[in-house]
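Residues in the sequence shown are numbered from 19 upward in steps of one, following this note's numbering. Below is one structure, written out as structure tokens, with a few remarks after it.
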Amino acid sequence: MSYQLIAAPLSLYSGKARGYLRWKNVGFTEVLSNAEVYKDVILPRVGWPVIPVLITPDDQTVQDTSDIIDYVEKCEPGPSVYPDGPVQKLAALILELFGDEWLLISAMHYRWTYNEDFAYQEFGNTAFPDLPKEERYKQGKARAERFKGSLPFLGITPKTAPAIEASYEAFLRAFDAHLAKHDFLLGSRPSIGDFGLLGPLYAHNYRDPASGDKMEKIAPRVADWCRRAHAPQHALAGEFVADDQIPDTLVPILKMFAQEQLPILKDSLADLQKWVDDNPDTKELPRLTGFHKYTIGGVEEDRAVFPFCLWMLQRVLDHLQSLTGEDQTKAHKLLREIGAEDLINMKVEPRLKRENFKLVLA
Ligand SMILES: N[C@@H](CCC(=O)N[C@@H](CS)C(=O)NCC(=O)O)C(=O)O
Numbered sequence: 019m020s021y022q023l024i025a026a027p028l029s030l031y032s033g034k035a036r037g038y039l040r041w042k043n044v045g046f047t048e049v050l051s052n053a054e055v056y057k058d059v060i061l062p063r064v065g066w067p068v069i070p071v072l073i074t075p076d077d078q079t080v081q082d083t084s085d086i087i088d089y090v091e092k093c094e095p096g097p098s099v100y101p102d103g104p105v106q107k108l109a110a111l112i113l114e115l116f117g118d119e120w121l122l123i124s125a126m127h128y129r130w131t132y133n134e135d136f137a138y139q140e141f142g143n144t145a146f147p148d149l150p151k152e153e154r155y156k157q158g159k160a161r162a163e164r165f166k167g168s169l170p171f172l173g174i175t176p177k178t179a180p181a182i183e184a185s186y187e188a189f190l191r192a193f194d195a196h197l198a199k200h201d202f203l204l205g206s207r208p209s210i211g212d213f214g215l216l217g218p219l220y221a222h223n224y225r226d227p228a229s230g231d232k233m234e235k236i237a238p239r240v241a242d243w244c245r246r247a248h249a250p251q252h253a254l255a256g257e258f259v260a261d262d263q264i265p266d267t268l269v270p271i272l273k274m275f276a277q278e279q280l281p282i283l284k285d286s287l288a289d290l291q292k293w294v295d296d297n298p299d300t301k302e303l304p305r306l307t308g309f310h311k312y313t314i315g316g317v318e319e320d321r322a323v324f325p326f327c328l329w330m331l332q333r334v335l336d337h338l339q340s341l342t343g344e345d346q347t348k349a350h351k352l353l354r355e356i357g358a359e360d361l362i363n364m365k366v367e368p369r370l371k372r373e374n375f376k377l378v379l380a
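Next up, the structure:
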């Protein structure tokens, strides 16, 4: 048996896993996550409704794209999406976090503001592919409510919408300028950072029609990168830039992480610590630990605090804290240059881990 990826074309994190597996040249079959597959496979194996899910050749279940990628990196041969260079690896992990948990905001905003009908149809096409078109739309609309309903929790409201768009457009322009010089974030080989960005940029912001038009207009090289990262013509190909260098054109994007996402991560950490104090006997974390105010483009809004982003942050910090000597000096220099020096002394405490596909205190 080869790998099976339970996934769907419309799903953000499915694009991340699919693009990675293709580049890694791993034999896999994609199984559409229709309603029956959720009931018969995903729920019994994972315990909650989520995609993508990887079933390995020896029938293990892996969920969460970071765990999927790490599992395959460990088991399969060939070049890695993790650079050997410690500074490049740091940048790649930061950009995975930035794609997974920050660009998610623009992806959700654009899908549900400009592509709503398309998305309803896609939800129906996924869940009930055999029903007539109108019935698929109706069913899709009912199933999509939960996703559309998450917008205010992500801080997406009429008040923040213009700032979310301005921030996303600035990101697109910066990434487009970078891609004028490099095929991927760190050279001619995609890294874990590319696949982190591919999640929000492919399924939502490239594939949703109105968003795709916008991307082609503002940042045609990003649209081209989406095609190359999602469906590589040459698996396992390419090299990272020599000497552990960070391309100059990547610095503006890393600065966006520091300015926009890092304050949210700091608040989330404080909130985790408060939650632990308030719930001394609970090991499993809820999806949300509370609410806080975040700022985008100078506009302040309430949003929920999702402790999951701290598990992603812990991946970055574990790598950072493993560095010594000259590697550490170079990594700290990059963090100061991008305005993320707060990461240097940050610790996710208490530590988090994933157990039975849930986030728990380690
Ligand atoms: N961090 C996870 C997120 C997976 C995820 O959120 N998938 C979405 C679809 S793209 C989903 O199924 N969400 C259901 C939910 O969050 O309740 C990953 O990287 O796999």
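We put the beta carbon where it would ideally sit given N, CA and C, even for glycine.
Query                                                                                                                                                                                               : Result
Less than 8 Å between the CB atoms is what I'm expecting for T144 and L28, so what's the real figure, rounded?                                                                                      : 6 Å
DSSP on D226, reduced to helix/strand/coil?                                                                                                                                                         : coil
Given this structure, state the Cα-to-Cα distance separating E152 from E140, to the nearest angstrom.                                                                                               : 12 Å
Whether or not the segment 103-117 and the segment 150-168 are in contact is what I'm after, with contact meaning three or more pairs of Cβ atoms, one per stretch, closer than 8 Å; do they touch? : no
Answer yes if the segment 213-225 comes into contact with the segment 32-45, meaning at least three C-beta pairs across the two stretches below 8 Å, and no otherwise.                              : yes
Leaving out five residues on either side along the sequence, give the residues of the same chain with a beta carbon under 8 Å from the beta carbon of E359.                                         : H350, L353
According to DSSP, which residues form a beta bridge with D320?                                                                                                                                     : K311
Specify, as a first and last residue, the run of the alpha helix (DSSP H) that K348 falls within.                                                                                                   : 343-356
Within this structure, are the beta carbons of H310 and V323 separated by less than 7 Å?                                                                                                            : yes
Taking the C-alpha atoms as reference points, what is the distance between Y38 and T178?                                                                                                            : 32 Å
What's the C-alpha gap between P176 and E319?                                                                                                                                                       : 10 Å
From Q157, S20, R63, pick the residue whose C-alpha is nearest to that of G45; which is it?                                                                                                         : S20
Does L254 pass the burial test, meaning 16 or more other C-beta atoms within 10 Å, or should it be called exposed?                                                                                  : exposed
Below 8 Å, how does it come out for the segment 204-211 and the segment 106-113: are there three or more Cβ pairs, yes or no?                                                                       : yes
When you measure from the CB of Y89 to every non-hydrogen atom of ligand 1, does any distance come out below 6 Å?                                                                                   : no
Is any heavy atom in ligand 1 found nearer than 6 Å to the beta carbon of Y138?                                                                                                                     : no
How big is the Cα-Cα spacing for M274 and L149?                                                                                                                                                     : 44 Å
Less than 7 Å between the beta carbons of R129 and H200, yes or no?                                                                                                                                 : no
Residues in the same chain with beta-carbon distance under 7 Å from A125, minus the five sequence neighbours each way, listed in chain order, please.                                               : L30, P218, H222, N223
Do R321 and G173 have their C-beta atoms closer together than 7 Å?                                                                                                                                  : yes
On the CB-based measure, 16 or more other CB atoms within 10 Å of its CB, does R369 come out buried or exposed?                                                                                     : exposed
Could you tell me if H127 is buried or exposed, where buried requires 16 or more neighbouring beta carbons within 10 angstroms of its beta carbon?                                                  : buried
Going straight from the alpha carbon of V259 to that of P67, what length do you get?                                                                                                                : 39 Å
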